Amino acid sequence: MDKKSLTALARQQLKLAGGTSSGRSSQTVYGGHRRSLRQTVIALAAGQKMAEHESPGEATLFILSGKLNLVAGEDSWKGSTGDLLVLPTDRHSVEAIEDVAFLLTVAM
Numbered sequence: 012m013d014k015k016s017l018t019a020l021a022r023q024q025l026k027l028a029g030g031t032s033s034g035r036s037s038q039t040v041y042g043g044h045r046r047s048l049r050q051t052v053i054a055l056a057a058g059q060k061m062a063e064h065e066s067p068g069e070a071t072l073f074i075l076s077g078k079l080n081l082v083a084g085e086d087s088w089k090g091s092t093g094d095l096l097v098l099p100t101d102r103h104s105v106e107a108i109e110d111v112a113f114l115l116t117v118a119m
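Quick note, the working numbering runs 11 ahead of the 1-based positions in the sequence shown.
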């Protein structure tokens, strides 16, 4: 068994994101290329965006801290701490309304 504090990891990634020119940082906490499930903590500084992209498989986004906006075509969803968003299969983007850290879970 492996135990990780997502709260501590979110704080760490937010600190790292704040120190980069891209305003983002991430760390995979479970899975990888040899597994069908991957979980990654991603942090974005306020105003930063993950450009439009496709989902590599079924995916959810659990917001650990902060607020974000998820956009897919004409649709958008706001999320804040504690919210779980099921990512659309359509192309989508994510923008940080304020400093945000989230757990991205993808099943491939």
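Cβ atoms here follow ideal geometry from the backbone N, Cα and C, with glycine treated the same way.
Since this is a predicted model, take the numbers as computed values, not measurements.
Using C-beta distances below 7 Å, list every residue in its chain close to residue i, excluding the 5 sequence neighbours before and after it, in chain order.
i: T31; result: none
i: L114; result: L17, Q50, V52, F73 and L75
Report the rounded CA-to-CA distance for residue i versus residue j, giving the unit in angstroms.
i: D86; j: L79; result: 14 Å
i: F63; j: T116; result: What sits at residue 63 in the sequence shown is Glu, not Phe. If I take the Cα positions, the gap works out to 18 Å.
i: A57; j: D110; result: 4 Å
i: M119; j: T39; result: 15 Å
i: V82; j: S104; result: 5 Å
i: K14; j: L20; result: 12 Å
i: L98; j: Q23; result: 25 Å
i: E69; j: L48; result: 10 Å
i: G90; j: I74; result: 7 Å
i: S16; j: L25; result: 14 Å
i: R46; j: G29; result: 30 Å
i: L96; j: G43; result: 22 Å
Going by DSSP in three states, residue i sits in which element: helix, strand or coil?
i: M96; result: Looking at the sequence provided, one finds Leu at residue 96 rather than Met. In the structure shown, L96 sits in a strand (DSSP, three-state: E or B).
i: G58; result: coil
i: K15; result: coil
Please identify the residue among the options whose C-alpha is closest to the C-alpha of residue i.
i: K60; options: L115, R22, F73 and I108; result: I108
i: E106; options: G34, V40, T71 and L48; result: G34
i: T18; options: R45, G90 and V52; result: V52
i: D94; options: G77, H44 and G43; result: G77
i: T100; options: T92, G84 and G29; result: G84
Got a sec? Which residues, its chain only, sit under 8 Å from residue i by beta carbon, not counting five neighbours each side?
i: L27; result: S36 and A54
i: P67; result: V117 and M119
Who are the near neighbours of residue i in its chain, counting only those whose CB is closer than 6 Å to its CB and skipping five residues on each side?
i: Y41; result: Q50
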